[in-house]
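Contents: one structure, followed by commentary.
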Amino acid sequence: MSDKDMKNMDHSKMNHEKMDCCSTDKNGHMNHKNMKNCDMDHMQHDDKKNMHHDMSNMEHDHSEHMHHDMDHNHEDHSHMQHDMDMSNMHHGGSHMDHMDMGNMNHDHGHMMMNHGGHMMDMGDLKKKFWISLILTIPIILMSPMMGMKLPFQLTFSGSDFIVLVLGSILFFYCSTPFFNGAKGEIQNKKPEMMSLITLGISVAYIYSIYAVVANDILHVTPMVNDFFWELSTLIVIMLLGHWIEMNSVMNAGSAINKLSKLLPDNAHLISDNQTKDVSTSELSVGDNILIQAGEKIPADGTIYDGSTSVNESLVTGESRSINKKSDDSVIGGSVNGDGTIKVKISGTGNSGYLSKVMNMVQEAQSAKSKTENLANQVASYLFYAALIVAVIAFVTWSLIKGVSFAIPVTVTVLIIACPHALGLAVPLIISRTTSIAATNGLLIRNKTALEKINDIKYALMDKTGTLTEGKFQVNGYDSLDNNYAKDEILKIAASVEQNSNHPLATGIMEAAKQKELSLSDVNSDNQITGYGMKGTINDHEFLIVSAAYLDANNIQYDASSSKQYLEKGNSLSYVVENNKVIGFVAEGDSIKSGSKDMIKYLQSQGITPVMLTGDNESAANKVASLLGITEVKAKLLPEDKQKNVTNYQKDGKVMFIGDGINDAPSLTQSDMGIAIGSGTDVAVDSADVVLVNSNPLDVVSLVKLAKESHTKMIQNLWWGAGYNIVALPLAAGILAFAGIMLDPMVGAIIMSLSTVIVALNALTLKIK
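Following the numbering used here, the numbering of the sequence shown begins with 3 at its first residue and continues without gaps.
In structure tokens:
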């Protein structure tokens with residue numbers, strides 16, 4: 003991001019609404035101040051919808067990045083470090099205290115998760131799981147399974163009452179997350195997973211008390227044994243499933259925990275004109291710090307004394323150093339060059355740039371995907387099916403054989419309808435998908451994006467920085483005015499561009515440096531929204547702009563003079579004085595390795611690639627022909643890209659691949675927004691998936707993983723609940739006239755097998 007943009011952009015303000023309702027305190031606990039209004043189920047949708055209204059204004063404030071005829075803002079490309087070793091990710095680290103990571107800590111986490119409108123606390127969930135697991139062990143040893151005594155069962159005088167006490171603790175303490183979730187679902191008139199679980203454990207508990215009283219106190223015989231075995235194992239497995247699901251956000255978070263290590267342990271705090279070393283975690287917004295040559299910058303801030311060059315490659319992925327002076331902004335985690343600077347802190351570990359990436363991961367698991375909703379739909383169908391079948395079975399068998407026979411049959415129906423495997427079906431796939439994604443450099447910000455993959459028809463993509471490297475070199479330049487020599491054109495262009503970090507400007511500056519041209523002082527320089535730069539040299543105003551600007555302002559120029567460069571795919575910057583073109587500079591970019599294979603794969607999947615670029619038609623068509631792209635839209639402004647996304651969406655779902663601020667409207671508008679590298683912080687916030695390594699081939703990995711993940715989820719839902727199509731009628735005694743009724747032991751075996759199959763199926767998930 004350019005110096006001026008960094009100065010004007012308030013990162014924390016941009017995320018104000020989200021941070022207001024979802025921020026954490028010093029202990030890592032969720033701030034509930036506005037939780038009531040922070041509906042996680044709709045957060046992502048609202049963010050995407052609201053972004054459209056904000057971005058058009060933002061583009062005008064950041065016009066330097068929409069420079070010339072380019073389709074990108076490459077100086078803004080805040081790429082995550084390219085050399086991040088995703089396979090060696092680990093949890094924690096000595097620098098974790100620099101970030102507000104309390105809510106992502108595996109040992110003391112308090113991650114919140116919405117179920118039926120109830121916010122589940124990660125730490126509380128883990129505690130309940132371990133307690134329920136400990137209590138379940140003796141229950142399994144002392145109680146029958148589905149009414150059948152087990153070979154290893156331990157029974158002795160009073161064992162039933164011990165099981166009753168342990169089961170009561172499980173029911174009244176460990177099951178509270180399900181009751182709270184079910185309450186929310188019923189209030190919303192949408193009984194789903196939580197309602198089905200609550201129904202199953204409630205019936206099991208009530209009937210089990212009835213069985214214990216009847217057998218051990220009233221000595222009523224014959225009586226089917228209790229269902230505490232089912233109650234305890236169901237609670238344990240469901241708690242485990244939710245733990246796995248919530249834990250997946252932490253697995254994704256661990257992929258970027260390395261970013262927290264970019265911050266140094268200590269900082270030089272300036273207080274009362276004295277400098278003292280303090281822990282980076284003690285820094286606050288408004289503090290003044292001293293950063294010496296070669297040191298890492300401990301926090302986001304603004305330079306108020308000194309000048310230097312800063313290497314932001316560890317944070318942004320850009321290997322070149324950026325000159326910084328007073329009033330320029332710096333990013334925590336970047337490395338200071340050869341100068342000593344004093345910085346006023348604008349963002350610490352909790353509110354700085356790196357924290358923004360952490361917030362992205364937190365939001366990832368808050369968004370409910372369609373496939374998760376599908377799991378809830380399955381649970382909802384089972385809930386109603388079980389109630390209907392149970393009522394029919396109870397009434398029928400009460401009339402035929404009496405209530406004492408009807409009750410066990412009814413209870414068996416209701417318990418079988420709540421399969422253990424259903425609680426693990428989706429969470430196991432989510433966890434596995436997140437883990438594989440992180441290992442392959444994919445950060446899934448919004449799981450909803452994954453389930454849309456089978457419906458994607460078009461893949462719209464930016465050119466520069468996405469399909470090409472975005473590293474330009476001058477391939478030619480010339481004067482079109484006899485009053486200026488050829489080298490003067492390059493000198494003027496470099497002088498006007500010297501305060502810009504745009505890739506085209508960088509290429510021009512490098513060429514001027516190689517020619518050893520001394521640059522002129524620019525009295526004033528301004529951005530020309532979406533087109534380029536202008537500057538005043540010795541009372542003469544010069545413009546460095548694209549052909550689009552010339553056409554828009556009816557400025558005549560001889561296109562034949564630069565035709566040879568356009569035919570080779572170069573981007574041209576024209577030098578203008580007094581509405582007259584006096585020269586041009588031609589620069590070329592190189593195609594990223596992997597771009598062609600990505601295009602070929604998308605086409606093989608029936609997805610049509612479309613290039614949307616602000617570049618000239620010749621340069622765009624040249625790149626498109628090399629990559630095999632047949633649909634190209636050139637000379638586009640940022641708002642034009644968004645309009646194209648909308649137009650293509652009329653014909654099918656759209657994936658957009660891009661980076662930079664000018665791609666953010668398109669990323670948010672699309673059905674699946676993919677940011678190459680981390681892009682700008684705005685682009686990251688707009689994308690559904692971030693490709694950490696900036697490799698186009700990662701799009702292939704993403705598509706393959708998304709397709710396989712969706713398939714596995716559907717398979718697991720069938721394995722976890724599909725057998726009820728047969729089991730429920732059999733349990734109800736539909737074939738009793740033929741002497742066939744579902745033996746409780748058979749039902750237990752089927753439930754156990756489905757759980758094992760679901761787990762094994764999840765483990766087979768991989769990117770083919």
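Every residue, glycine too, gets a C-beta built ideally from N, C-alpha and C. Keep in mind it's a predicted model, so treat the numbers as computed, not measured.
Check your understanding: In the structure shown, what three-state DSSP assignment does methionine 456 receive?
Key -> Mapped onto the sequence shown, residue 456 falls at position 454. Sequence inspection shows asparagine at residue 456; the methionine mentioned does not correspond to that position. Helix at asparagine 456.
**Study point:** Spatial neighbours of threonine 277 in its chain, beta-carbon cut-off 6 Å, leaving aside the 5 residues before and after
**Key:** One-based indexing of the sequence shown puts residue 277 at position 275. Here the set comprises His270, Leu292.
Exercise for review: Could you check the C-alpha separation between phenylalanine 383 and lysine 709 for me, to the nearest Å?
Suggested key: As a position in the sequence shown, residue 383 is number 381, starting the count at 1. As a position in the sequence shown, residue 709 is number 707, starting the count at 1. Before going on, a small fix: residue 383 reads as tyrosine here, not phenylalanine. The alpha-carbon atoms of tyrosine 383 and lysine 709 are separated by roughly 25 Å.
Review point. Using the rule of at least 16 other Cβ atoms within 10 Å of the residue's Cβ for burial, across every protein chain shown, is serine 481 buried or exposed?
Key: Locating residue 481 in the sequence shown gives position 479, where the first residue counts as 1. With 16 or more other Cβ atoms within 10 Å, it is buried.
Check your understanding: In angstroms, rounded to a whole number, what distance separates the CA positions of valine 405 and phenylalanine 396?
Key -> Residue numbering aside, residue 405 sits at position 403 when the sequence shown is read from its first letter. Residue numbering aside, residue 396 sits at position 394 when the sequence shown is read from its first letter. Roughly 8 Å separates the two Cα atoms.
Review point. For leucine 545, does the three-state DSSP call read helix, strand or coil?
Key: For the purposes of this step, residue 545 is taken as the residue at position 543 of the sequence shown. DSSP places leucine 545 in strand when its eight states are reduced to three.
Exercise for review: Flag this pair as yes or no: are the beta carbons of leucine 156 and isoleucine 418 separated by less than 8 Å?
Suggested key: For the purposes of this step, residue 156 is identified with residue 154 of the sequence shown, where counting begins at 1. For the purposes of this step, residue 418 is identified with residue 416 of the sequence shown, where counting begins at 1. For leucine 156 and isoleucine 418, no; Cβs fall outside 8 Å.
Review point. If you follow the beta strand (DSSP E) that glutamine 693 is part of, which residue opens it and which one closes it?
Key: Along the sequence shown, read from residue 1 onward, the residue named residue 693 stands at position 691. Checking the displayed sequence, the identity of residue 693 turns out to be leucine instead of glutamine. Start and end: 691 to 693.
Exercise for review: From the DSSP output, in three-state form, read off aspartate 700 for me.
Suggested key: Position 698 of the sequence shown, counted from the first residue, corresponds to residue 700. Looking at aspartate 700 - three-state DSSP - the assignment turns out to be helix.
Exercise for review: Would you check if there are 3 or more beta carbon pairs closer than 8 Å linking the segment 598 to 618 to the segment 450 to 463?
Suggested key: yes
Point to revise | Cut-off 7 Å between Cβ atoms - residues of its own chain near phenylalanine 173, not counting five sequence neighbours on either side | key: Your numbering for residue 173 matches position 171 in the sequence shown. Contacts found: Ile203, Tyr207, Leu233.
Review point. Alpha carbon to alpha carbon, what distance is there between glycine 590 and lysine 637?
Key: For the purposes of this step, residue 637 is taken as the residue at position 635 of the sequence shown. For the purposes of this step, residue 590 is taken as the residue at position 588 of the sequence shown. Cα-Cα distance, rounded: 17 Å.
Review point. Secondary structure at isoleucine 769, three-state DSSP: helix, strand or coil?
Key: The residue you call residue 769 lines up with position 767 of the sequence shown. Three-state DSSP puts isoleucine 769 in coil, outside helix and strand.
Review point. Nearest-angstrom Cα distance between alanine 588 and leucine 574?
Key: Within the sequence shown, the letter at position 586 stands for residue 588. Within the sequence shown, the letter at position 572 stands for residue 574. Cα-Cα distance, rounded: 5 Å.
Point to revise | Reduced DSSP secondary structure (H/G/I, E/B, other) of lysine 771 | key: Coverage of the chain is limited to positions 3 through 770, which leaves residue 771 absent and any answer about it impossible.
**Study point:** Proximity to glycine 335 [Cα-Cα], best of Glu297, Ile343, Ile530
**Key:** Mapped onto the sequence shown, residue 335 falls at position 333. Taking only the C-alpha atoms, the option nearest glycine 335 is Glu297.
Check your understanding: Does the pairing of the segment 341 to 348 with the segment 299 to 308 give three or more beta-carbon distances under 8 Å?
Key -> Because the criterion of three Cβ pairs below 8 Å is met, the segment 341 to 348 and the segment 299 to 308 touch.
Review point. Taking one C-beta from the segment 595 to 604 and one from the segment 443 to 450 each time, how about it: are there three or more such pairs within less than 8 Å?
Key: no
Practice item. Tell me whether lysine 652 sits in a helix, a strand or coil according to DSSP, three-state version. Key: As a position in the sequence shown, residue 652 is number 650, starting the count at 1. Coil, per DSSP.
Exercise for review: For my contact list, lysine 602 and glycine 571 are in at a C-beta cut-off of 8 Å; report their separation, rounded to the angstrom.
Suggested key: Position 600 of the sequence shown holds residue 602. Position 569 of the sequence shown holds residue 571. That belief does not hold up - the Cβ atoms of lysine 602 and glycine 571 are roughly 20 Å apart, past 8 Å.
Review point. Which of helix, strand or coil does DSSP assign to proline 193?
Key: As a first step, residue 193 is located in the sequence shown; it is residue number 191 there, counting from the start. The answer is coil: DSSP assigns proline 193 none of H, G, I, E or B.
Practice item. Scan the segment 485 to 527 and note each continuous beta strand (DSSP E) run of 3 residues or more that stays entirely inside, going in chain order. Key: none
Point to revise | Exposure label - aspartate 673; buried when at least 16 CB within 10 Å | key: Here the question's residue 673 lines up with position 671 in the sequence shown. With 16 or more other Cβ atoms within 10 Å, it is buried.
Practice item. Quick one: give me the first and last residue of the alpha helix (DSSP H) that glutamate 619 is part of. Key: The residue labelled residue 619 in the question sits at position 617 within the sequence shown. Segment 619 to 629, the alpha helix (DSSP H) holding glutamate 619.
Check your understanding: Between which two residues does the beta strand (DSSP E) carrying glycine 537 extend?
Key -> One-based indexing of the sequence shown puts residue 537 at position 535. First-last of the beta strand (DSSP E) with glycine 537: 534 to 539.
Exercise for review: Return the CA-CA distance between valine 647 and glutamine 566, expressed in angstroms with no decimal places.
Suggested key: Stepping through the sequence shown from its first residue, residue 647 is reached at position 645. Stepping through the sequence shown from its first residue, residue 566 is reached at position 564. One C-alpha to the other measures close to 32 Å.
Check your understanding: Under 8 Å between the Cβ atoms of glycine 509 and glutamine 475?
Key -> Numbered from 1 along the sequence shown, position 507 holds the residue referred to as residue 509. Numbered from 1 along the sequence shown, position 473 holds the residue referred to as residue 475. The answer is yes: Cβ separation under 8 Å.
**Study point:** Nearest-angstrom Cα separation, counted from threonine 538 out to asparagine 525
**Key:** On the sequence shown, position 523 is the one that residue 525 refers to. On the sequence shown, position 536 is the one that residue 538 refers to. Cα to Cα, asparagine 525 sits roughly 5 Å from threonine 538.
Point to revise | Cβ pair alanine 764, isoleucine 431 closer than 8 Å | key: Counted from its first residue, the sequence shown places residue 764 at position 762. Counted from its first residue, the sequence shown places residue 431 at position 429. Cβ atoms of alanine 764 and isoleucine 431: closer than 8 Å.
Practice item. Measure the C-alpha to C-alpha separation of valine 694 and isoleucine 678 and round it to an integer number of angstroms. Key: Numbered from 1 along the sequence shown, position 692 holds the residue referred to as residue 694. Numbered from 1 along the sequence shown, position 676 holds the residue referred to as residue 678. The C-alpha of isoleucine 678 is placed about 7 Å away from the C-alpha of valine 694.
Review point. Are aspartate 267 and leucine 444 closer than 8 Å when you measure CB to CB?
Key: On the sequence shown, residue 267 is found 265 positions in, with the first residue counted as 1. On the sequence shown, residue 444 is found 442 positions in, with the first residue counted as 1. The answer is no: Cβ separation not under 8 Å.
Review point. Helix, strand or coil for threonine 235 per DSSP?
Key: Sequence index remark: in the sequence shown, residue 235 carries index 233 (1-based). Helix.
Review point. Exposed or buried, phenylalanine 158, counting other C-beta atoms within 10 Å across all chains shown (16 or more means buried)?
Key: Within the sequence shown, the letter at position 156 stands for residue 158. Per the 10 Å Cβ criterion, exposed.
Point to revise | Run of the beta strand (DSSP E) containing methionine 743, from where it starts to where it stops | key: For the purposes of this step, residue 743 is identified with residue 741 of the sequence shown, where counting begins at 1. It is not in any beta strand (DSSP E) - methionine 743 carries neither H nor E in the DSSP assignment.
Point to revise | Straight-line Cα distance separating serine 548 from isoleucine 246 | key: As a first step, residue 246 is located in the sequence shown; it is residue number 244 there, counting from the start. As a first step, residue 548 is located in the sequence shown; it is residue number 546 there, counting from the start. Cα-Cα distance, rounded: 53 Å.
Practice item. Rounded to whole angstroms, what's the CA-CA distance from valine 280 to lysine 327? Just pull it up for me. Key: Numbered from its first residue, the sequence shown carries residue 280 at position 278. Numbered from its first residue, the sequence shown carries residue 327 at position 325. Distance between the alpha carbons of valine 280 and lysine 327: 25 Å.
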